[in-house]
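A.B. asks: Structure provided below as structure tokens; questions to follow.
Protein chains in written order, with this note's numbering: chain A, 1 to 111; chain B, 112 to 226.
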């Protein structure tokens, strides 16, 4: 059967407000970080990535912040829209090409 | 649509049967990855190909699992003698071959249910 872990941390945000999703990573050797959005029944969708030689990167309505000192990654979504409702995963990579995913965060946008 | 394509989308089978999934990566992507995802969890890495060469395998990939990418394009993942614990979403991703740290682009997966 399916594994446990159905109760994801959930962020409820009003439409139009900004969202911040946090992620702690474990491997100090990780040099690549990436955020994915996953909607029900679909595969993870690439949002934005950042390499370890940077501490901030901006995309369209999204910003990723990297703090290597405390091994923390965050994703900021500006002017959150109903279509942003999904589960968000951070992932880390190091040397090899595999990605290690963190636990997801559910974002619920309230119209 | 030129994204990663996976077939079938759903597979229901009895315990003990063999199943095979197919992944067609984004064209010109040299790297192809397989992951497994169970409900409420993030994807877990299974294996990775650079062209036709299988370069890395996770300990999760037991001897009942085999993956191939014979011509460096599409890939298949076969599970033999399926068990209840194999029930999961099997995801395929691809990325360009040049340089490290390229974003992996995922398909919508094959959901496997073992009865």
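By construction, the Cβ of each residue, glycine as well, lies at the ideal position given by its N, Cα and C atoms.
Since residue 200/B sits in a beta bridge, which residues does DSSP pair it with?
C.D. replies: Residue 200/B pairs with 148/B, 222/B.
A.B. asks: Assuming contact is defined by CB atoms lying nearer than 7 Å, are residue 43/A and residue 202/B in contact in what I supplied?
C.D. replies: In contact: residue 43/A and residue 202/B (Cβ atoms closer than 7 Å).
A.B. asks: Would you report the Cα separation of residue 108/A and residue 196/B, rounded to the nearest angstrom?
C.D. replies: Rounded to whole angstroms, residue 108/A to residue 196/B spans 30 Å at the Cα level.
A.B. asks: Buried or exposed: where does residue 221/B fall if 16 or more other Cβ atoms within 10 Å of its Cβ makes it buried?
C.D. replies: Buried.
A.B. asks: Give me the DSSP bridge partner(s) of residue 167/B.
C.D. replies: Answer is 159/B, bridged to residue 167/B.
A.B. asks: Counting C-beta neighbours from all protein chains within 10 Å, is the total for residue 129/B 16 or more, i.e. buried, or is it exposed?
C.D. replies: So residue 129/B counts as exposed.
A.B. asks: Interface residues of chain B around residue 44/A at Cβ under 7 Å?
C.D. replies: Here the neighbours are 154, 217.
A.B. asks: Specify the secondary structure class of residue 191/B as computed by DSSP and reduced to three states.
C.D. replies: If DSSP states are grouped into helix, strand and coil, residue 191/B belongs with coil.
A.B. asks: Does the beta-carbon distance from residue 61/A to residue 50/A come in below 7 Å?
C.D. replies: It is not a contact, given that the beta carbons lie outside the stated cut-off.
A.B. asks: Where residue 3/A and residue 152/B are concerned, what is the direct C-alpha to C-alpha distance, given to the nearest angstrom?
C.D. replies: Note that residue 3/A scores 34 on pLDDT, short of 50, meaning its location in the model is unreliable and no value can be drawn from it.
A.B. asks: Residue 176/B: beta carbon under 6 Å from a heavy atom of the ligand GDP?
C.D. replies: Summarising the ligand content, the structure contains no ligands, and the ligand GDP is consequently not present.
A.B. asks: Would you list, in chain order, the members of the stretch 74–99 of chain A that have their beta-carbon closer than 7 Å to a beta-carbon of chain B?
C.D. replies: Listed by position, the residues of the stretch 74–99 of chain A near chain B (Cβ gap below 7 Å) are 89, 93, 96, 97, 98, 99.
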